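Residue 73 in the numbering used here is what sits at position 73 of the sequence shown, and the numbering runs on without skipping anything.
All residues carry an ideal CB built from backbone N, CA and C; glycine is no exception.
Quick caveat, the model's predicted, so the values are computed rather than measured.
First up is the structure itself, then whatever we jot down about it.
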Amino acid sequence: VTPTPFLRAIREAAPNTFLTVGSGINDPELASEEGAIAHGFQALADGADAVYTGLSCERIRAMSREKIPCIGHVGYVPYRSSWYGGARAIGKKADEAIQVYRDTLAYQEAGAIAVEMEIVPHRIATEIAKRVDILIISMGSGVGGDVQYLFAEDVLGTNTGHVPRHAKVYADLHGELQRVQQIRIDAFAALQQEVASGAYPESKHLIGVDDQEFDAFLSGIDAS
């Protein structure tokens with residue numbers, strides 16, 4: 001999950017689920033080791049089991065010293081896309097694939113419990129997974145890792161933009177939400193029309209009063 005004030009509620013709703021909380025990439029707090037540690041402790045206090053971060057091994061090492069379970073990020077890291085020349089697979093060339101392996105080892109040596117490996121050729125990812133001890137969370141990197149990871153927006157079909165090649169859509173929730181939205185619009189439009197025409201409210205929607213009480217009411221306000 002992403003950092004959210006609702007993390008405690010998520011943990012309460014799913015007490016036995018392993019929850020990883022993503023750190024905010026542009027969070028100034030993470031610019032220092034002390035800030036990263038504080039962020040990690042807060043995440044654990046709010047119910048997280050581990051903290052994902054695409055930050056440097058120095059930050060991972062600092063958090064790991066405090067026994068904060070950390071997950072790094074190798075391969076394609078979206079916020080570093082300027083260095084790659086845009087969104088693309090990482091590791092199709094041997095030297096680049098070797099660097100992915102070295103990055104994975106570096107995170108392992110820094111104390112990470114896992115890395116997310118994003119958009120790396122599946123054979124490369126499989127061979128790296130064989131040679132490291134930490135978990136490999138595959139995001140579009142094939143079946144050779146330990147965990148498969150997709151965004152809920154893609155799985156549920158709420159992503160209205162580009163769907164990556166590695167993603168699979170299992171539902172058209174966007175279409176369902178649009179259908180529900182149209183139902184809302186139609187219902188409010190019908191209410192507006194009935195109010196304008198006098199069709200609503202009908203007699204069954206009205207609250208009555210006994211004639212005797214009504215007459216007493218009129219007498220009371222006329223006398224005041």
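Cα-Cα separation, residue i to residue j
i           : j           : result
residue 95  : residue 134 : 22 Å
residue 279 : residue 116 : The first residue shown for the chain is 1 and the last is 224, placing residue 279 beyond what the model contains.
residue 20  : residue 50  : 5 Å
residue 182 : residue 217 : 45 Å
residue 189 : residue 104 : 57 Å
residue 17  : residue 143 : 22 Å
residue 42  : residue 6   : 13 Å
residue 132 : residue 107 : 10 Å
residue 102 : residue 152 : 30 Å
residue 192 : residue 86  : 50 Å
residue 79  : residue 71  : 16 Å
Neighbour-count burial assignment, residue i, 16 or more Cβ in a 10 Å radius
i           : result
residue 55  : buried
residue 114 : buried
residue 8   : exposed
residue 197 : exposed
residue 226 : This structure cannot speak to residue 226, because the chain is shown only from 1 to 224.
residue 201 : exposed
residue 23  : buried
residue 187 : exposed
residue 205 : exposed
Nearest neighbour of residue i, chosen from the options [CA to CA]
i           : options            : result
residue 44  : 76, 109 and 66     : 66
residue 150 : 166, 224 and 122   : 166
residue 91  : 71, 42 and 119     : 119
residue 313 : 124, 219 and 130   : Since the first residue shown for the chain is 1 and the last is 224, residue 313 is missing from the structure and cannot be characterised.
residue 98  : 121, 157 and 78    : 121
residue 148 : 137, 155 and 154   : 137
residue 164 : 38, 213, 76 and 27 : 76
residue 37  : 15, 69 and 215     : 69
Nearest-angstrom Cβ-Cβ length linking residue i and residue j, presumed shorter than 8 Å
i           : j           : result
residue 40  : residue 10  : Not a contact, Cβ separation roughly 18 Å.
residue 64  : residue 112 : 7 Å
residue 161 : residue 174 : In fact, because the Cβ distance is near 11 Å, the residues do not count as touching under 8 Å.
residue 169 : residue 154 : 6 Å
(message) Just to confirm the assignment: which complete alpha helix (DSSP H) runs, minimum length 4, are found wholly within the segment 7-61?
(response) 7-13 and 33-45
(message) Going residue by residue through the segment 85-119, where are the continuous beta strand (DSSP E) segments of at least 3 residues, counting only ones entirely within it?
(response) 114-118
(message) Which complete alpha helix (DSSP H) runs does the segment 133-202 hold, if anything under 4 residues is left out?
(response) 152-156 and 173-197
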